[in-house]
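Residue numbers (the UniProt record's numbering): 1 to 250.
All C-beta atoms in this analysis are idealised placements derived from N, C-alpha and C, irrespective of residue type, glycine included.
All figures in this text were calculated on a predicted structure; none of them were measured in a lab.
This report concerns only the one structure given below.
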């Protein structure tokens, strides 16, 4: 009987210990859950840390500016005048001293316009024109005036009526600017004037844009919409589909 009571007492103690362990686990779980909820709430209310690292901003490269023909030619002439007084050297290297075609080739190359190296090839490359303007190339025979072959080239820097001012690399004086019309030596050897294709294309585009601007007032419907607006402002109740003035081109 005593042994039964001892076993019952042992079992009771074990059950009591088990209940205490279970309560301790539940209590620990509740505390852990509370801490987790508090931490989560704190994290949601805390602003994100500032990024102290420097970030490299990607700045797009500046778009290439489209210059007008006159502006581009002015810059080419300005580039050429930097070398006034430099000596002439036949078939010289790319840097000074250099010959006539090398000089022309060099200054145009500074603006991404690549010309052939010799005056003869430059003459074949350019577009012949009888309306000279700054930036055009003027070609001459060489020392032998009887030979039809191209032997010299200059760049036109100014046109005043029939007077042409050119910049070139002269055999005797180096790189100079002088009046073509007052030089009998060059007048006797004149072959023709050529326009660099890149400049010719730019000029055609500019002329096309100018023509478009001149034609805009006469485009169908444009004049009508203008007159319709004016009629409505004046309170005219007539047929607004009929323009007040003729829109025919002259």
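Q.
When you compare the CB positions of residue 173 and residue 145, do they come within less than 7 angstroms of one another, or not?
A. Sequence index remark: in the chain shown, residue 173 carries index 173 (1-based). Sequence index remark: in the chain shown, residue 145 carries index 145 (1-based). The answer is no: Cβ separation not under 7 angstroms.
Q) Going by other Cβ atoms of all chains shown within 10 Å of its Cβ, with 16 needed for buried, is residue 126 buried or exposed? A) Start at 1 with the first residue of the chain shown, and residue 126 comes out as number 126. So residue 126 ends up on the buried side.
Q.
So, under 8 angstroms CB-CB, residue 80 and residue 167 are touching, yes? Tell me the CB distance rounded to an integer number of Å.
A. In the chain shown, residue 80 corresponds to position 80, counting from 1. In the chain shown, residue 167 corresponds to position 167, counting from 1. Contact flag correct, Cβ pair sits at about 5 angstroms.
Q: Note down the Cα distance separating residue 101 from residue 209, rounded to an integer number of angstroms.
A: As a working mapping, residue 101 is identified with position 101 in the chain shown. As a working mapping, residue 209 is identified with position 209 in the chain shown. Going from the Cα of residue 101 to the Cα of residue 209 covers about 33 angstroms.
**Q.** Exposure of residue 134, with buried meaning 16 or more beta-carbon neighbours within 10 Å
**A.** Position 134 of the chain shown, counted from the first residue, corresponds to residue 134. Buried, by the Cβ-count rule.
Q) Hey, quick one: how far does the alpha helix (DSSP H) through residue 119 stretch, first residue to last? A) Locating residue 119 in the chain shown gives position 119, counting from the first residue. Counting along the chain, the alpha helix (DSSP H) containing residue 119 begins and ends at 119-125.
Q. In the structure shown, what three-state DSSP assignment does residue 194 receive?
A. Numbered from its first residue, the chain shown carries residue 194 at position 194. Reduced to three states, the DSSP call for residue 194 is strand.
Q. Looking at the structure shown, is residue 174 part of a helix, part of a strand, or coil, going by DSSP?
A. The residue given as residue 174 occupies position 174 in the chain shown. It is a strand residue.
Q. What did DSSP end up calling residue 107 once you bin it into helix, strand or coil?
A. Taking the first residue of the chain shown as 1, we reach residue 107 at position 107. Three-state result, residue 107: helix.
(Q) Quick check on this structure: which residue in 112, 88, 116, 158 has the alpha carbon closest to the alpha carbon of residue 70? (A) Mapped onto the chain shown, residue 70 falls at position 70. Measuring from the Cα of residue 70, the nearest candidate turns out to be 158.
**Q.** Distance, residue 86 Cα to residue 160 Cα
**A.** In the chain shown, residue 160 corresponds to position 160, counting from 1. In the chain shown, residue 86 corresponds to position 86, counting from 1. Residue 160 and residue 86: Cα-Cα distance of roughly 26 angstroms.
Q: Just tell me which of 84, 83, 82, 104 has its CA closest to the CA of residue 196.
A: Translated into the one-based positions of the chain shown, residue 196 becomes position 196. Here the closest residue by C-alpha is 104.
Q) Can you tell which of 152, 171, 186 has the C-alpha that lies nearest to the C-alpha of residue 164? A) Within the chain shown, numbered from 1, the residue matching residue 164 stands at position 164. Nearest of 152, 171, 186 to residue 164, Cα basis: 186.
**Q.** Nonlocal neighbours in the same chain, by C-beta distance under 6 angstroms from residue 118, ignoring five residues either side
**A.** Taking the chain shown and counting its residues from 1, the one referred to as residue 118 is at position 118. Counting only Cβ-Cβ distances below 6 angstroms, and skipping sequence neighbours, we find 101.
(Q) Measuring straight from C-alpha to C-alpha, what distance separates residue 77 and residue 147? (A) One-based indexing of the chain shown puts residue 77 at position 77. One-based indexing of the chain shown puts residue 147 at position 147. If I take the Cα positions, the gap works out to 30 angstroms.
Q) How would you label residue 115, buried or exposed, when you count the other beta carbons within 10 angstroms and need 16 or more for buried? A) Locating residue 115 in the chain shown gives position 115, where the first residue counts as 1. With 16 or more other Cβ atoms within 10 Å, it is buried.
Q: Could you work out which residue in 88, 162, 109 is closest to residue 301 when comparing CA atoms only?
A: The shown model of the chain, from 1 to 250, leaves out residue 301, and the question about it has no answer.
Q: Using a threshold of 7 angstroms, state whether the C-beta atoms of residue 88 and residue 169 are closer than that.
A: The count along the chain shown starts at 1 and reaches residue 88 at position 88. The count along the chain shown starts at 1 and reaches residue 169 at position 169. Cβ atoms of residue 88 and residue 169: closer than 7 angstroms.
Q: Pick helix, strand or coil for residue 179, following the three-state DSSP scheme.
A: Taking the first residue of the chain shown as position 1, residue 179 is located at position 179. Reduced to three states, the DSSP call for residue 179 is strand.
Q | Endpoints, alpha helix (DSSP H) assigned at residue 72 | A | As a first step, residue 72 is located in the chain shown; it is residue number 72 there, counting from the start. That run of the alpha helix (DSSP H) goes 69-81.
(Q) Using 8 angstroms for Cβ pairs, my map puts residue 138 next to residue 193. What's the rounded Cβ distance? (A) Taking the first residue of the chain shown as position 1, residue 138 is located at position 138. Taking the first residue of the chain shown as position 1, residue 193 is located at position 193. Yes, residue 138 and residue 193 are in contact; Cβ-Cβ is about 5 angstroms, under 8 angstroms.
Q: Go ahead and label residue 84 buried or exposed: buried means 16 or more other beta carbons lie within 10 angstroms of its beta carbon, across all protein chains shown.
A: Along the chain shown, one-based indexing puts residue 84 at 84. The residue in question, residue 84, is exposed, as its Cβ has fewer than 16 Cβ neighbours within 10 Å.
Q.
Applying the 10 Å Cβ sphere with the 16-neighbour rule, what's the burial state of residue 132?
A. Position 132 of the chain shown, counted from the start, is the residue given in the question as residue 132. So residue 132 counts as buried.
Q) Beta carbon of residue 191, beta carbon of residue 140: below 7 angstroms? A) In the chain shown, the residue the question calls residue 191 occupies position 191. In the chain shown, the residue the question calls residue 140 occupies position 140. A contact, by the Cβ cut-off of 7 angstroms.
Q: Report the partner residues of residue 251 according to the DSSP bridge assignment.
A: Absent from the structure is residue 251, since the part of the chain shown begins at 1 and ends at 250.
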